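These protein sequence lines map, in sequence, to chains A and B. Residue numbering for the first sequence follows the working numbering, starting at 1 and increasing by one per position. Residue numbering for the second sequence follows the working numbering, starting at 205 and increasing by one per position.
There are 2 protein chains.
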Amino acid sequence: MGRGDHTEQAILEAAEAEFLEKGFALAKTTEIARAAGVTHAMLHYYFRTKEKLFERIFREKVRLLAESLAATFDSGRPFMEQVAALAGAHFDFVAANPCLPMFILREIHLNKERREVYLPLLVAPLQATISEVGKQLEAAARRGEIRSLRTSDLMFSIASLNVMTFVGLPIAKEAFGMDDEDVRQFVAQRRAENIEVVLSRLRK
Amino acid sequence: MGRGDHTEQAILEAAEAEFLEKGFALAKTTEIARAAGVTHAMLHYYFRTKEKLFERIFREKVRLLAESLAATFDSGRPFMEQVAALAGAHFDFVAANPCLPMFILREIHLNKERREVYLPLLVAPLQATISEVGKQLEAAARRGEIRSLRTSDLMFSIASLNVMTFVGLPIAKEAFGMDDEDVRQFVAQRRAENIEVVLSRLRK
DNA sequence: TCGTTGTTTAACCGTATTGTTAGTTTTGAC
DNA sequence: GTCAAAACTAACAATACGGTTAAACAACGA
Numbered sequence: 001m002g003r004g005d006h007t008e009q010a011i012l013e014a015a016e017a018e019f020l021e022k023g024f025a026l027a028k029t030t031e032i033a034r035a036a037g038v039t040h041a042m043l044h045y046y047f048r049t050k051e052k053l054f055e056r057i058f059r060e061k062v063r064l065l066a067e068s069l070a071a072t073f074d075s076g077r078p079f080m081e082q083v084a085a086l087a088g089a090h091f092d093f094v095a096a097n098p099c100l101p102m103f104i105l106r107e108i109h110l111n112k113e114r115r116e117v118y119l120p121l122l123v124a125p126l127q128a129t130i131s132e133v134g135k136q137l138e139a140a141a142r143r144g145e146i147r148s149l150r151t152s153d154l155m156f157s158i159a160s161l162n163v164m165t166f167v168g169l170p171i172a173k174e175a176f177g178m179d180d181e182d183v184r185q186f187v188a189q190r191r192a193e194n195i196e197v198v199l200s201r202l203r204k
Numbered sequence: 205m206g207r208g209d210h211t212e213q214a215i216l217e218a219a220e221a222e223f224l225e226k227g228f229a230l231a232k233t234t235e236i237a238r239a240a241g242v243t244h245a246m247l248h249y250y251f252r253t254k255e256k257l258f259e260r261i262f263r264e265k266v267r268l269l270a271e272s273l274a275a276t277f278d279s280g281r282p283f284m285e286q287v288a289a290l291a292g293a294h295f296d297f298v299a300a301n302p303c304l305p306m307f308i309l310r311e312i313h314l315n316k317e318r319r320e321v322y323l324p325l326l327v328a329p330l331q332a333t334i335s336e337v338g339k340q341l342e343a344a345a346r347r348g349e350i351r352s353l354r355t356s357d358l359m360f361s362i363a364s365l366n367v368m369t370f371v372g373l374p375i376a377k378e379a380f381g382m383d384d385e386d387v388r389q390f391v392a393q394r395r396a397e398n399i400e401v402v403l404s405r406l407r408k
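See below:
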């Protein structure tokens, strides 16, 4: 079955690229097959439908996202340091998967039925991190270490700044007239800047 | 020509809704015609192609965005106040056009050729505001009123926080378990929070 | 009333896309 | 080597979509 495994893997890899770039609705199974170097009937032979193939890719990507966040928040250090580490880790994850945010936003926005299926898949693995951050935030506020803030606002600001760094990059490139080297520098600076923005908000 | 004007207007309104919701590639001319209550041949009679109809909608939306930003920045007041006003005005615009950011991001991300055509259309009207903010920012920094900051970082943070408030709303709703009333409150709080985040970054 | 012009309809064309199927080749256990 | 199961191919089916066209219809001034 070595031959079959190779074909399946080739389809999966081509599907990931195609789905991430274009989203479910715009991805073509024929193009996935072409990129994988197989007949498009093979795609149906191994995965039955486009939907099932998509779901496999989506679940894997969401699992990756959740894993990358779960590990970073440990309660031994000062709260400000923990927040900086969390924001940095999230930035690094998005930097390593720059197509993923737009991919997820697109799928979530498309239609209600799809949202109801895939949104819980995305959010469930994040709940543990959210509630842990919430606890630490309240404790730090009680100790007077930080300016008080809603957990939802803190988390949302971190995610917004980091995600937009990559989702909005083409616009920033045009708006600020950046060449490729400028872009590289801009992204690197954004990592520090996003963290600094969040920490500034927390300082008394 | 009264009859024709009405048909044209009905198509334009249906097209705006369809394009904003689904983007160019996923919008169906047949669906636009159905929603407008006319034969889909009428769409081609008035606008020739899907592309031309789309461009009309896109240009109008971009014009709207640029207008809403150009007016808010006047140099008479303290810099911090000006920034707060700009961020607030941008937030209000996005709140009044909640589908627009996702629409623009989708189109910009889709393919290179399209990006090259539509991105300058979007960015050109913003240049005046960007350079004016840049001048005021440098002046305020020289006067020691604020912590120094790159113009691109300031503008990008404002846009990121405001845009994501609406683009990421479905995810936030699920992640923080909000009902419709919570969502209303969250959005209202986000306006103040986004401004506060930006101002915190500027304070010495 | 006639004819011109602009508007509308229904039918059609070509193409692309997801999915199926019947039949062929390859593989691996015996 | 044989044979059954797995892997694969090529052709087809069904539908949907953007766009065209020819003919019908309405408005309206001469």
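Glycine included, every Cβ here is placed at the ideal spot set by N, Cα and C. None of these values were measured; they are calculated from a predicted model.
Residue nearest to residue i in terms of C-alpha spacing, selected from the options
| i | options | result |
| --- | --- | --- |
| Ala-27(A) | Ala-15(A), Gly-37(A), Val-38(A), Ala-36(A) | Ala-15(A) |
| Glu-342(B) | Ser-356(B), Val-371(B), Leu-314(B), Glu-259(B) | Ser-356(B) |
| Lys-112(A) | Gln-331(B), Lys-226(B), His-210(B) | Lys-226(B) |
| Leu-100(A) | Tyr-45(A), Val-62(A), Met-178(A) | Val-62(A) |
| Asn-194(A) | Gly-338(B), Ile-350(B), Ile-362(B) | Ile-362(B) |
| Gln-82(A) | Phe-47(A), Ala-141(A), Val-167(A), Val-133(A) | Val-133(A) |
| Gln-331(B) | Ala-221(B), Glu-217(B), Leu-269(B), Asp-209(B) | Leu-269(B) |
| Met-42(A) | Leu-119(A), Leu-69(A), Glu-8(A) | Glu-8(A) |
| Met-284(B) | Ala-328(B), Glu-349(B), His-244(B) | Glu-349(B) |
| Phe-176(A) | Ala-376(B), Lys-339(B), Val-327(B), Phe-390(B) | Val-327(B) |
| Pro-302(B) | Ala-221(B), Arg-351(B), Asp-209(B), Thr-253(B) | Ala-221(B) |
| Leu-86(A) | Ala-95(A), Gly-4(A), Ala-70(A) | Ala-70(A) |
| Arg-150(A) | Glu-13(A), Tyr-46(A), Arg-201(A) | Arg-201(A) |
| Ala-280(B) | Tyr-250(B), Ala-344(B), Gln-393(B) | At residue 280(B) the sequence reads Gly, which differs from the Ala that was named. Looking at the Cα atoms, Ala-344(B) is the closest of the given residues. |
| Gly-4(A) | Phe-47(A), Arg-114(A), Ile-32(A), Arg-34(A) | Phe-47(A) |
Proximal residues of chain A, C-beta to C-beta of residue i below 8 Å
| i | result |
| --- | --- |
| Phe-390(B) | Ser-152 |
| Gly-372(B) | Leu-105, Phe-156, Ala-159, Ser-160, Val-163 |
Chain-ordered chain B contacts of residue i [CB-CB under 8 Å]
| i | result |
| --- | --- |
| Arg-114(A) | Within 8 Å Cβ-Cβ: nothing; Arg-114(A) doesn't reach chain B, min ~11 Å. |
Sub-8 Å separation of residue i and residue j beta-carbons
| i | j | result |
| --- | --- | --- |
| Gly-292(B) | Arg-407(B) | no |
| Pro-374(B) | Ile-130(A) | no |
| Phe-307(B) | Phe-258(B) | no |
| Met-359(B) | Met-164(A) | no |
| Val-242(B) | Ile-261(B) | no |
| Pro-78(A) | Glu-378(B) | no |
| Phe-297(B) | Ser-272(B) | yes |
| Ala-84(A) | Leu-161(A) | no |
| Val-401(B) | Val-197(A) | yes |
| Ala-25(A) | Leu-105(A) | no |
| His-40(A) | Thr-29(A) | yes |
| Ala-240(B) | Val-391(B) | no |
Short CB-CB distance (under 8 Å) between residue i and chain A
| i | result |
| --- | --- |
| Val-401(B) | yes |
| Arg-405(B) | yes |
| Pro-324(B) | yes |
| Ile-375(B) | yes |
| His-244(B) | no |
Partner residues on chain B for residue i, Cβ-Cβ distance less than 7 Å
| i | result |
| --- | --- |
| Pro-125(A) | The premise fails here: Pro-125(A) is roughly 11 Å from chain B at the closest Cβ pair, so nothing lies under 7 Å. |
| Ala-175(A) | Val-327, Leu-330, Ile-334 |
Any C-beta of chain B under 8 Å from that of residue i
| i | result |
| --- | --- |
| Arg-106(A) | yes |
| Ala-33(A) | no |
| Met-102(A) | yes |
| Ala-25(A) | yes |
| Ile-146(A) | no |
| His-6(A) | no |
| Glu-193(A) | yes |
| His-44(A) | no |
| Met-1(A) | In this prediction, Met-1(A) scores a pLDDT of 40, lower than 50, which makes its location untrustworthy; the coordinate-derived value is nonetheless stated afterwards. It does not; no Cβ of chain B falls within 8 Å. |
| Leu-20(A) | no |
Under 7 Å from the C-beta of residue i: neighbouring residues of chain A
| i | result |
| --- | --- |
| His-294(B) | The premise fails here: His-294(B) is roughly 13 Å from chain A at the closest Cβ pair, so nothing lies under 7 Å. |
Is there contact here, the region 174–189 of chain A with the region 381–395 of chain B, by at least three beta-carbon pairs under 8 Å?
no
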